[in-house]
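J.: Numbering (this note's numbering), first residue to last: 18 to 415.
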Amino acid sequence: MYLGSLFWIQSYGAYAVVFNREFGWSMTLLSGAYVLTRIESGLLGPLQGWMVDRYGPRLIISIGLLMQGIGLIFLTQVETLTVYYFAVIIISLGIGLGGFQTLMIAIVNWFQRHRTKAIALAQLGSSLGGLSVPMLAYGLEQFGWRTIAVATGFAAIFLGIPLVQNIRHRPEEKGEVVDGKITAEHSNNRVEINNEIVSVSWQNALRTRAFWFISAGHAIALLSVSSVLVHFIPHLTGTLGMGLTEAGLVFSTVSISHILGLSCGGYLGDRFSKRIICFYCMIFHGSGMLVLAFFDAYPMVLLFSVLHGIAWGIRGPQMVAIRADYFGTRSFGKILGISSMVVMFGTMVGPIICGFVVDHYGIYRNAFISIGLISYIGALLFYLARKPIFDAKKRQKN
Numbered sequence: 018m019y020l021g022s023l024f025w026i027q028s029y030g031a032y033a034v035v036f037n038r039e040f041g042w043s044m045t046l047l048s049g050a051y052v053l054t055r056i057e058s059g060l061l062g063p064l065q066g067w068m069v070d071r072y073g074p075r076l077i078i079s080i081g082l083l084m085q086g087i088g089l090i091f092l093t094q095v096e097t098l099t100v101y102y103f104a105v106i107i108i109s110l111g112i113g114l115g116g117f118q119t120l121m122i123a124i125v126n127w128f129q130r131h132r133t134k135a136i137a138l139a140q141l142g143s144s145l146g147g148l149s150v151p152m153l154a155y156g157l158e159q160f161g162w163r164t165i166a167v168a169t170g171f172a173a174i175f176l177g178i179p180l181v182q183n184i185r186h187r188p189e190e191k192g193e194v195v196d197g198k199i200t201a202e203h204s205n206n207r208v209e210i211n212n213e214i215v216s217v218s219w220q221n222a223l224r225t226r227a228f229w230f231i232s233a234g235h236a237i238a239l240l241s242v243s244s245v246l247v248h249f250i251p252h253l254t255g256t257l258g259m260g261l262t263e264a265g266l267v268f269s270t271v272s273i274s275h276i277l278g279l280s281c282g283g284y285l286g287d288r289f290s291k292r293i294i295c296f297y298c299m300i301f302h303g304s305g306m307l308v309l310a311f312f313d314a315y316p317m318v319l320l321f322s323v324l325h326g327i328a329w330g331i332r333g334p335q336m337v338a339i340r341a342d343y344f345g346t347r348s349f350g351k352i353l354g355i356s357s358m359v360v361m362f363g364t365m366v367g368p369i370i371c372g373f374v375v376d377h378y379g380i381y382r383n384a385f386i387s388i389g390l391i392s393y394i395g396a397l398l399f400y401l402a403r404k405p406i407f408d409a410k411k412r413q414k415n
């Protein structure tokens, strides 16, 4: 998650500034490339969930890292918008296969009592990638984006792929059991019992109100997250007049706050209601966007960074853990994949709204206000997403 986050996801705003300056492409067009990748990831979600359940995460992540590296190297050949879009599709397909969803499916199979902590720890990789964005932004200014793209492409292939070879899909593959080591025979018996109690089929999950409320709430959360990833650095450089490296340093405060949020989120999620935690996090997301909309002073920009980063960090692990708690692990890949088709609308709409507004009005204010207010609707959805109750006939048998 660190490599994908640093090389592209959280550094996209820095690349957008560079491409805007060099090629004159509008922020709407640059946002469109990001949105296209979110559509791709959303549509891939159900198939990806099936592939991980069928072939295991190690193979899928390795393929993803290879594609990510090839895409970054191909990015160096960009001269036209069409070629740029094509390169972005390859990069994002690789990050999608080798990133968040695949890793989360593996983690929920390994942990139950400390599931949220494990998810939070894994997501720290994404935060550390964001924390390293100033370094990449400095590289873009000093060495040029083509040099950085090819260097990160080779790193994804030759550093990333060897690192994932020890990943296993389920603990029983190594003679272990969820949350601890045990003999293979005892492990199989215990896992079967646990999953028979809590797991339901993806068809039954889709029939619940909780599935749709969580998916919609998650989509609204990513409305703000994706907007910040794409447009926060352009907002700092364009609207507030910062240099690219300085903007990267300010962006790192989001990552620091994200790390703090993740550190708390794992503990909180294993002790308190994940639904209520998400409710309060969405209040923080909305309030942060309103602060960013109405105030340009440096301290207020930092206040936004803290509110947004902490909310993102605390909420992130809950998104995976609450689905596993509600629906179990046997069909988790399919459930998470289908949910991603709903979630993708949030990642699509946010950047496009922001790009359109800044291209036509020169400032982001109205877009940030709209996203902030919509975030409060997301808070309500999470509050209403109570855990469904399934009768014995609907539980999925192993």
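In this text, a Cβ means the ideal position worked out from N, Cα and C, and glycines have one as well.
#1: Can you tell me whether PHE128 is buried or exposed, with buried defined as 16 or more other CB within 10 angstroms of its CB?
#2: Could you round the C-beta distance between GLY146 and SER22 to whole angstroms and report it? I think they count as a contact, below 8 Å.
#3: Under 8 Å: do the region 160-175 and the region 45-53 share three or more Cβ pairs, one atom per stretch?
#4: May I ask you to report which of helix, strand or coil DSSP gives ASP342?
#5: I need the DSSP call for TYR381, collapsed to helix, strand or coil.
#6: Taking just the CA atoms, how far does GLY156 sit from LEU261?
#7: Pull up the distance between the alpha-carbon of LEU285 and that of ARG185, whole angstroms please.
#8: To the nearest angstrom, how far is the alpha carbon of VAL242 from that of ARG71?
#9: Do the region 86-94 and the region 294-307 make contact, defined as three or more Cβ pairs closer than 8 Å?
#10: Less than 7 Å between the C-beta atoms of GLY30 and VAL247, yes or no?
#11: Would you call VAL491 buried or exposed, if buried means 16 or more other Cβ atoms sit within 10 Å of its Cβ?
#12: For ILE108 versus GLY81, is the C-beta spacing smaller than 7 Å?
#13: Give the single residue among LEU61, ILE26 and VAL52 whose Cα lies nearest to the Cα of SER356.
#14: Are the C-beta of ILE391 and some C-beta of chain C separated by less than 7 Å?
#15: Return the CA-CA distance between LYS404 and PRO179, expressed in angstroms with no decimal places.
#16: Alpha carbon to alpha carbon, how far is TYR393 from LEU401?
#17: Taking the beta carbon of GLY258 as the centre, do at least 16 other beta carbons fall within 10 Å, making it buried, or is it exposed?
#18: Is SER48 helix, strand or coil by DSSP?
#19: Keeping to the same chain, check which residues put their C-beta closer than 6 Å to that of GLY305; ignore five residues upstream and five downstream.
#20: What residues in its chain sit with their C-beta under 7 Å from that of ILE380, if we drop five residues either side in the sequence?
#21: When the distance is taken between beta carbons, is ALA222 closer than 7 Å to PHE344?
#22: Can you tell me which of GLY354, ALA135, ARG130 and GLN182 puts its alpha carbon nearest to the alpha carbon of SER232?
#23: Taking the alpha-carbon positions, what's the MET336 to CYS371 distance?
T.: Reading off the structure:
#1: As a working mapping, residue 128 is identified with position 111 in the sequence shown. By the Cβ-count criterion, PHE128 is buried, with 16 or more other Cβ atoms from all chains shown falling within 10 Å of its own Cβ.
#2: The residue labelled residue 146 in the question sits at position 129 within the sequence shown. The residue labelled residue 22 in the question sits at position 5 within the sequence shown. Indeed they touch by this definition, with Cβ atoms about 3 Å apart.
#3: With a cut-off of 8 Å, the region 45-53 and the region 160-175 do not count as touching, because too few Cβ pairs lie within range.
#4: In the sequence shown, counting from the first residue as 1, residue 342 sits at position 325. Helix.
#5: As a working mapping, residue 381 is identified with position 364 in the sequence shown. Note: TYR381 maps to coil in three-state DSSP.
#6: Position 244 of the sequence shown holds residue 261. Position 139 of the sequence shown holds residue 156. Cα to Cα, LEU261 sits roughly 11 Å from GLY156.
#7: Taking the first residue of the sequence shown as 1, we reach residue 285 at position 268. Taking the first residue of the sequence shown as 1, we reach residue 185 at position 168. One C-alpha to the other measures close to 27 Å.
#8: By 1-based counting over the sequence shown, the position of residue 242 is 225. By 1-based counting over the sequence shown, the position of residue 71 is 54. Whole-angstrom Cα-Cα distance: 31 Å.
#9: In short, these stretches do not touch, since the Cβ pair count stays below three.
#10: Sequence index remark: in the sequence shown, residue 30 carries index 13 (1-based). Sequence index remark: in the sequence shown, residue 247 carries index 230 (1-based). Their beta carbons are under 7 Å apart, which means GLY30 touches VAL247 by this criterion.
#11: In the structure as shown, the chain starts at 18 and stops at 415, and residue 491 therefore has no counterpart that could be examined.
#12: The count along the sequence shown starts at 1 and reaches residue 108 at position 91. The count along the sequence shown starts at 1 and reaches residue 81 at position 64. ILE108 is not a Cβ neighbour of GLY81, given a cutoff of 7 Å.
#13: In the sequence shown, the residue the question calls residue 356 occupies position 339. Distances from the CA of SER356 to each of LEU61, ILE26 and VAL52 were compared; the closest alpha carbon is that of LEU61.
#14: Checking the listed chains, one finds no chain C in this structure; it contains a single protein chain.
#15: Here residue 404 is taken as the residue at index 387 of the sequence shown, counted from 1. Here residue 179 is taken as the residue at index 162 of the sequence shown, counted from 1. Those two C-alpha atoms are separated by around 40 Å.
#16: Here residue 393 corresponds to residue number 376 of the sequence shown, with the count starting at 1. Here residue 401 corresponds to residue number 384 of the sequence shown, with the count starting at 1. Cα to Cα, TYR393 sits roughly 13 Å from LEU401.
#17: Within the sequence shown, numbered from 1, the residue matching residue 258 stands at position 241. GLY258 is classed as exposed because its beta carbon has fewer than 16 other beta carbons within 10 Å across all chains shown.
#18: Here residue 48 refers to the residue found at position 31 of the sequence shown. Helix, per DSSP.
#19: Looking up residue 305 in the sequence shown gives position 288. Cβ within range, chain order: PHE321, LEU324 and HIS325.
#20: Locating residue 380 in the sequence shown gives position 363, counting from the first residue. THR256, listed in sequence order.
#21: Within the sequence shown, the letter at position 327 stands for residue 344. Within the sequence shown, the letter at position 205 stands for residue 222. Yes, the pair counts as a contact, with Cβ atoms nearer than the cut-off.
#22: What you label residue 232 is simply residue 215 of the sequence shown in a count that begins at 1. With distances taken between Cα atoms, SER232 lies closest to GLY354.
#23: Sequence index remark: in the sequence shown, residue 336 carries index 319 (1-based). Sequence index remark: in the sequence shown, residue 371 carries index 354 (1-based). CYS371 has its alpha-carbon roughly 25 Å from the corresponding atom of MET336.
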